[in-house]
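Chemist: So the protein lines, in turn, are chains S and F. The numbering used here numbers the first residue of the first sequence as 1 and each following residue consecutively. The numbering used here numbers the first residue of the second sequence as 1001 and each following residue consecutively. For every residue, glycine included, the Cβ atom is placed at its ideal position computed from N, Cα and C. Remember, it's a predicted structure, so these values are computed and weren't measured experimentally.
2 protein chains.
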Amino acid sequence: MHSAGYLANHFARLMAVGLQRRLKPLGLAPAQFMVLLELWDRDGQTQAELVVGLDVEQATMANTLSRMERDELVTRNPSDEDKRVKIIRLTERAKKLRVPAQKAAYDQNMHALSDLDENEQFQLVQLMQRAVSTLKRR
Amino acid sequence: MHSAGYLANHFARLMAVGLQRRLKPLGLAPAQFMVLLELWDRDGQTQAELVVGLDVEQATMANTLSRMERDELVTRNPSDEDKRVKIIRLTERAKKLRVPAQKAAYDQNMHALSDLDENEQFQLVQLMQRAVSTLKRR
DNA sequence: GCATTTTACATAGCATGCTATTCAATAGGA
DNA sequence: TCCTATTGAATAGCATGCTATGTAAAATGC
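Have a look at this one:
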């Protein structure tokens, strides 16, 4: 009845809605937040690097970045060495969102796991990570 | 870096792509399969019942059912007692897909969990279920 | 050097999922 | 009864994600 696949989908949807609610006051959407996490860690990455970092398809990243450019979260400028490459940089607005946005995500995660003890939280993360690894090879 | 929320999303995406590949030869999409699971168990449910069973928004279910009607998987007929209600019924085509589609889903789940032992598989499902429960109350 | 292949990104088209709104039918209360 | 509230479903509009394809720039092979 409640297979791993169904539960993964259900869990992910509930987490996305929860995070969306918390990020909305900041004018930020969940997928945008994931990109910002990458860029807060290292600004000025290329689109291809973000694709690897977040493991989404190139087309998905291109579209997300378009919306982020529209929302003045990032700029996209061609690299000098290679005109095919676009360098993605944080705007001032995006830099200011770091602390509140990370708090929103932290709160959502804490809420989701609030019925699990420390060890169970660790187990859940570990087990999901191992399933993801299995699915990624191939 | 790899929070529960990120992992849930990643896990769910990988499972959806895997299931999609396996269901494609049957002419079936993942969300359609979930609806069929409900109807194979009990045919002739209303849209509202399917919404409760799968815990998606009413609008999401309406759109999924439109695509399923288009693909000749279900019929939608108004109830006699209450003309607002639509009764959703399986077509012959959908009835025939039951065994191969459930095998596809079973195979995908087995693959995803193939690196975990019996106890770990059980733990993962239990822990996801508990997180889902927490997120649903409220 | 030039043709071919590869790479980086963009675009088209679609499925799934959400929120918000609308519409029609039914139920409930005065 | 009639007016209002509620209910069941459809629709609009959008974000996220996918596959498939197009385009331009760079790299490679002869």
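Could you confirm whether any beta carbon from chain S is found closer than 7 angstroms to the beta carbon of residue 1123(F)?
Modeler: Closer than 7 angstroms: yes.
Chemist: Reducing DSSP to helix, strand and coil, say where residue 93(S) ends up.
Modeler: If DSSP states are grouped into helix, strand and coil, residue 93(S) belongs with the helices.
Chemist: Along the alpha helix (DSSP H) that carries residue 132(S), what are the first and last residues, could you check?
Modeler: 118 to 136 is the extent of the alpha helix (DSSP H) around residue 132(S).
Chemist: Just to confirm, is the Cβ distance from residue 112(S) to residue 1125(F) under 7 angstroms?
Modeler: In this structure, residue 1125(F) does not lie closer than 7 angstroms to residue 112(S) by Cβ.
Chemist: Between the region 1001 to 1023 of chain F and chain S, which residues of the former have CB atoms less than 9 angstroms from a CB of the latter, in chain order?
Modeler: For the region 1001 to 1023 of chain F, which is checked against every Cβ of chain S, the residues closer than 9 angstroms are 1001, 1002, 1003, 1004, 1005, 1006, 1007, 1008, 1009, 1010, 1011, 1012, 1013, 1014, 1015, 1016, 1017, 1018, 1019.
Chemist: DSSP beta-bridge partners for residue 76(S)?
Modeler: Beta-bridge pairing links residue 76(S) to 88(S).
Chemist: Just to check my reading of the structure: residue 1020(F) and residue 1029(F) have Cβ atoms closer than 8 angstroms, yes? What is that Cβ distance to the nearest angstrom?
Modeler: The pair is a contact, with the Cβ atoms about 7 angstroms apart (cut-off 8 angstroms).
Chemist: Taking 7 angstroms as the cut-off, decide whether the C-beta atoms of residue 32(S) and residue 61(S) are in contact.
Modeler: Cβ distance not < 7 angstroms, so residue 32(S) and residue 61(S) don't count as in contact.
Chemist: If the cut is a Cβ gap below 7 angstroms, which residues of chain F does residue 114(S) touch?
Modeler: Residues of chain F passing the Cβ test: 1134.
Chemist: Report the residues of the region 1059 to 1085 of chain F with a CB closer than 8 angstroms to any CB of chain S, ordered along the chain.
Modeler: So the list is empty, because no residue satisfies the distance condition.
Chemist: Take the Cβ of residue 105(S) as the centre, count every other Cβ of all protein chains shown within 10 Å, and call the residue buried at 16 or more, exposed below.
Modeler: Classification for residue 105(S): buried.
Chemist: Distance, Cα to Cα, residue 44(S) vs residue 51(S)?
Modeler: Between residue 44(S) and residue 51(S), the C-alpha separation is close to 14 angstroms.
Chemist: Which stretch, first to last residue, makes up the alpha helix (DSSP H) that contains residue 1010(F)?
Modeler: Taken as a continuous stretch (DSSP letters only), the alpha helix (DSSP H) holding residue 1010(F) covers 1004 to 1023.
Chemist: Give the interface partners of residue 1109(F) over in chain S, defined as CB-CB distance under 8 angstroms, in chain order.
Modeler: Per Cβ cutoff of 8 angstroms: 3, 4, 5.
Chemist: Per DSSP, which residues does residue 45(S) bridge with? Please list them.
Modeler: Answer is 88(S).
Chemist: Going by C-alpha distance, which of 1059(F), 1064(F), 1034(F), 1065(F) is nearest residue 1053(F)?
Modeler: Ranking the options by Cα distance to residue 1053(F), first place goes to 1034(F).
Chemist: Is residue 1039(F) helix, strand or coil when you go by DSSP?
Modeler: Note: residue 1039(F) maps to helix in three-state DSSP.
Chemist: Following the continuous alpha helix (DSSP H) through residue 66(S), name the residue where it begins and the one where it ends.
Modeler: It spans 58 to 70 - the alpha helix (DSSP H) in which residue 66(S) sits, taken as one unbroken run.
Chemist: Hey, residue 75(S) and residue 84(S): beta-carbon distance below 7 angstroms or not?
Modeler: Their beta carbons are not under 7 angstroms apart, which means residue 75(S) does not touch residue 84(S) by this criterion.
Chemist: Check whether the Cβ atoms of residue 73(S) and residue 91(S) sit closer than 7 angstroms, and answer yes or no.
Modeler: Yes, the pair counts as a contact, with Cβ atoms nearer than the cut-off.
Chemist: Ends of the alpha helix (DSSP H) at residue 107(S)?
Modeler: First-last of the alpha helix (DSSP H) with residue 107(S): 98 to 112.
Chemist: So, does the CB of residue 1094(F) fall closer than 7 angstroms to a CB anywhere in chain S?
Modeler: So, not an interface residue.
Chemist: According to DSSP, is residue 29(S) helix, strand or coil?
Modeler: Here residue 29(S) sits in coil by DSSP.
Chemist: Nearest-angstrom Cα distance between residue 1102(F) and residue 1078(F)?
Modeler: Cα to Cα, residue 1102(F) sits roughly 29 angstroms from residue 1078(F).
Chemist: Of the choices 1133(F), 1135(F), 1095(F), 1136(F), whose alpha-carbon is the least far from that of residue 1042(F)?
Modeler: Cα-wise, what sits closest to residue 1042(F) is 1095(F).
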